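Just so you know, we're using my numbering here: the sequence shown kicks off at 401 and counts up by one.
The block underneath contains the structure these notes are about, expressed in structure tokens.
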Amino acid sequence: MPLPVLPPAVRVIVRGWLNSNQVLLRSPGAHVLVDSGYCTHAARTIALVAQALEGEGLAGLVNTHCHSDHMGGNAAVAARFDCSVCVPAGEVKHIVPWTPQSVWMEQFDQRAEPFEFHDTIAAGESFEAGGLHWEAHAAPGHDMDALVYFAPQARVLIAGDALWENGMGFVWPEDGPNPHIDAAFETLDAIERLAPAVVIPGHGPPFGEIGRSLATARSRLAAFSADPVKGARYAMKALFVFALLDKGSMAIADVAGYLGGVPSHRRLAERFLRREPMELAEWLVSDLLRSGAIRLEGGRAWPTMAA
């Protein structure tokens with residue numbers, strides 16, 4: 401299927417699964433970037449953004465949410481381009497002071513550099529960039545404080561991890577009623593009401609014809625709501641592959657120790673999966689091999705997708 405046509409001032413830098421996409425909204429003398437990728441790939445992000453800027457400056461950086469793959473490059477981008485940083489208002493409690501964010505990173509074995517922000521944006525507010533008026537809409541679920549940005553004139557949605565072409569960012573499992581899943585369903589309903597012609601996801605290329613994507617995301621959420629264990633398996637696989645993308649690879653012999661040592665994996669195992677680290681590692685590697693998410697070489701697991 402051909403890629404949908406975006407307004408000329410909207411440029412998407414498609415990355416992989418460790419780094420979010422970057423969206424450059426070009427305005428004369430006031431270019432704005434949405435999301436900055438993962439901290440360890442900041443040099444690559446800066447090079448790609450500089451190329452898209454074509455020698456011009458960057459006025460601002462706006463985040464859809466403050467997960468490590470979307471804001472990890474904030475500090476480096478702001479320093480390189482001397483631009484302002486704007487974050488969703490609800491995310492401030494997670495990044496000021498930085499200690500809670502650092503603890504969160506330790507829980508999930510992820511990294512991010514501390515950064516300063518100069519402004520916040522909340523649902524119901526808006527900004528001008530790329531010759532378009534962008535509305536901020538609440539998008540809780542994957543991140544309860546996330547926003548999406550919608551340009552009604554062009555019917556373009558910058559969706560972050562609220563909607564991908566083949567799903568959405570994982571939602572943390574809970575025993576019993578899950579407010580994260582309920583919120584994610586509401587977000588999908590809100591996106592459907594906006595009726596975008598083009599969705600720019602946080603990962604993967606832009607897409608149109610959102611009906612199938614919404615159906616896929618809703619089906620997955622319904623399955624996770626009906627069976628939290630299924631949601632826990634999905635979350636563990638997503639987090640482990642993310643770690644492989646960050647580390648490059650991992651010795652198969654080290655997987656059990658890794659799962660037992662990372663608090664988020666340990667919680668998933670204890671609350672939902674009820675397996676010891678060695679048994680859990682065997683299941684995880686086997687399942688990821690079967691799905692094609694990893695390959696084995698030299699006694700190590702390697703991710704098959706782009707970072």
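Even glycine gets a Cβ: it sits at the ideal position worked out from N, Cα and C.
Just so you know, these numbers come straight off a predicted model, no measurement behind them.
In the three-state reduction of the DSSP assignment, Ala529 falls in the strand class, which pools E and B. In the displayed model, Met678 falls within a helix according to three-state DSSP. A contact between stretches requires three or more CB pairs, one per stretch, nearer than 8 Å, and the stretch 640-648 fails this requirement with the stretch 614-631. Among the bridge pairs identified by DSSP, Gln422 is matched with Ile413.
CA-CA distance, Gly657 to Ser625, rounds to 30 Å. Beta-bridge partners of Thr520 (DSSP): Val487. Sequence-distant Cβ neighbours of Ser691 in its own chain, meaning closer than 6 Å and more than five residues away, do not exist here.
Fewer than three Cβ pairs drawn from the stretch 551-561 and the stretch 471-484 lie within less than 8 Å of each other, which leaves the two stretches out of contact. Around the beta-carbon of His465, 16 or more other beta-carbon atoms lie within 10 Å, marking it buried. Exclusion of the five residues before and after Thr704 leaves Gly692, Ala693, Ile694 and Arg695 as the residues of its chain whose Cβ lies within less than 8 Å of its Cβ. Of the residues assessed, Val462 falls on the buried side of the cut-off, its CB having 16 or more other CB atoms within 10 angstroms. Listed in chain order, the beta strand (DSSP E) elements of length 3 or more contained wholly in the stretch 521-591 are 526-529, 532-538, 547-551 and 556-560. Under a 10 Å Cβ-count criterion, Ser613 is classified as buried, with 16 or more other Cβ atoms of the shown protein chains found around its own Cβ.
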